[in-house]
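Here is the structure we will look at.
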Amino acid sequence: MALAMSRPFLKMNGLGNDFVVVEARRVPFAPSAEGVQAIADRTRGVGCDQLIAVEPSQRADAFMRIWNADGGEVGQCGNAARCVGWLLMEESGRDAARLETPSGVVEVRRARDRSVTVDMGKPGLDWRDIPLAEAMDTRGIELQVGPIDKPLLHTPGCVSMGNPHVVFFVADAEAAPVREVGSMIEHHRLFPERVNVGFAQIKAKDRLRLRVWERGAGVTKACGTGACAAVVAACRRGLCDRSAYVEMDGGQLFIEWRASDDHVLMTGPVATDFKGELP
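What follows is the structure, encoded as structure tokens:
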């Protein structure tokens, strides 16, 4: 009988949004949904928001496969792209890397200190890009929470950053009902692929406060694509500039929606927590 081999991993995080990163360029790694859930479990497993496999790519330096903590595979994760991009640059000794994701290839480069900038490409702004179940203006869709005559939340913006986001603008992000309504919005009929739910407070033209309920993961300390989506959604409504800092529970990211080509650039730190082995 063949004995199962253990699998080395790195535990990494971007502003507290944490990942188990597995090298799979030489030996394939294909966990079941139950296996992903077991690894992500914070009581009995390693614990993480997302599980990441670094696989071979014919289009870039590596391919990044992403599973949320619930076992579902997803198309993009901005904080993970920074972490994996940093690993690739450390490995090659270069200051830039190309990383393929299920949503396409992103460019990664070193920034100051131990920060990384990721070119996330153009945001998806059409209702079919999100996708929504029906045609709507994604600057402010027809969705509200609470009484019809006095809704608690209403008219959020929608943006795809390789994964779907809905962004509610609130007066006080600290008081936003993230846990209370996050799951309900994630599974709302308007979002056939479910959705990440952001609650954004405009503090200044160049500064937002953001809390996020992540699809398949729940409340996380930071969400890179969520920060990108929040700035794009706010900018489309004239609430902020094309460049802004986004404050999250785990720290802040700098987001630029570049006017020259409409690409969204995200800059923020990466950290390695520890090494381990999966049984």
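Mapped onto our numbering, the consecutive letters of the sequence shown carry residue numbers 620 to 898. By construction, the Cβ of each residue, glycine as well, lies at the ideal position given by its N, Cα and C atoms.
- For W746, the CB contacts under 7 Å within the same chain, skipping 5 residues up- and downstream, are A754, M755 and T757 in chain order.
- Of the candidates E866, R645 and G801, R645 places its Cα closest to the Cα of S676.
- Bounds of the alpha helix (DSSP H) holding C854 are G843 to R855.
- The beta-bridge partner set that DSSP reports for N815 consists of H784.
- Here DSSP, grouped into helix, strand and coil, assigns E761 to coil.
- Only residues of its own chain outside the window of five on either side were considered, and among them I821 have a CB closer than 6 Å to the CB of L858, listed in chain order.
- Of P811, R678, E866 and G740, the smallest CA-CA separation from A792 is found for E866.
- E726 carries a strand assignment under DSSP once its states are collapsed to helix, strand and coil.
- With a cutoff of 8 Å on beta-carbon distance, V725 and V737 are scored as near each other.
- The three-state reading of DSSP puts E674 in strand, counting E and B together.
- Following the DSSP letters along the chain, one finds C777 inside the beta strand (DSSP E) bounded by residues G776 to S779.
- In the displayed model, V797 falls within a helix according to three-state DSSP.
- When D680, G759, D714 and A700 are compared, the shortest CA-CA separation from M885 is found for A700.
- V785 places its beta carbon 8 Å or farther from that of V764.
- Runs of the beta strand (DSSP E) lying entirely within the region 729-760, each at least 3 residues long, are 734-738 in chain order.
- From the listed residues D689, F648, R626 and L827, the smallest Cα separation to V838 is found for D689.
- Put simply, of D860, I767, V640 and L772 the residue whose alpha carbon is nearest the alpha carbon of A681 is V640.
- When rounded, the separation of the alpha-carbon atoms in F648 and I874 is 33 Å.
- Between L670 and A652, the gap from beta carbon to beta carbon reaches 8 Å or more.
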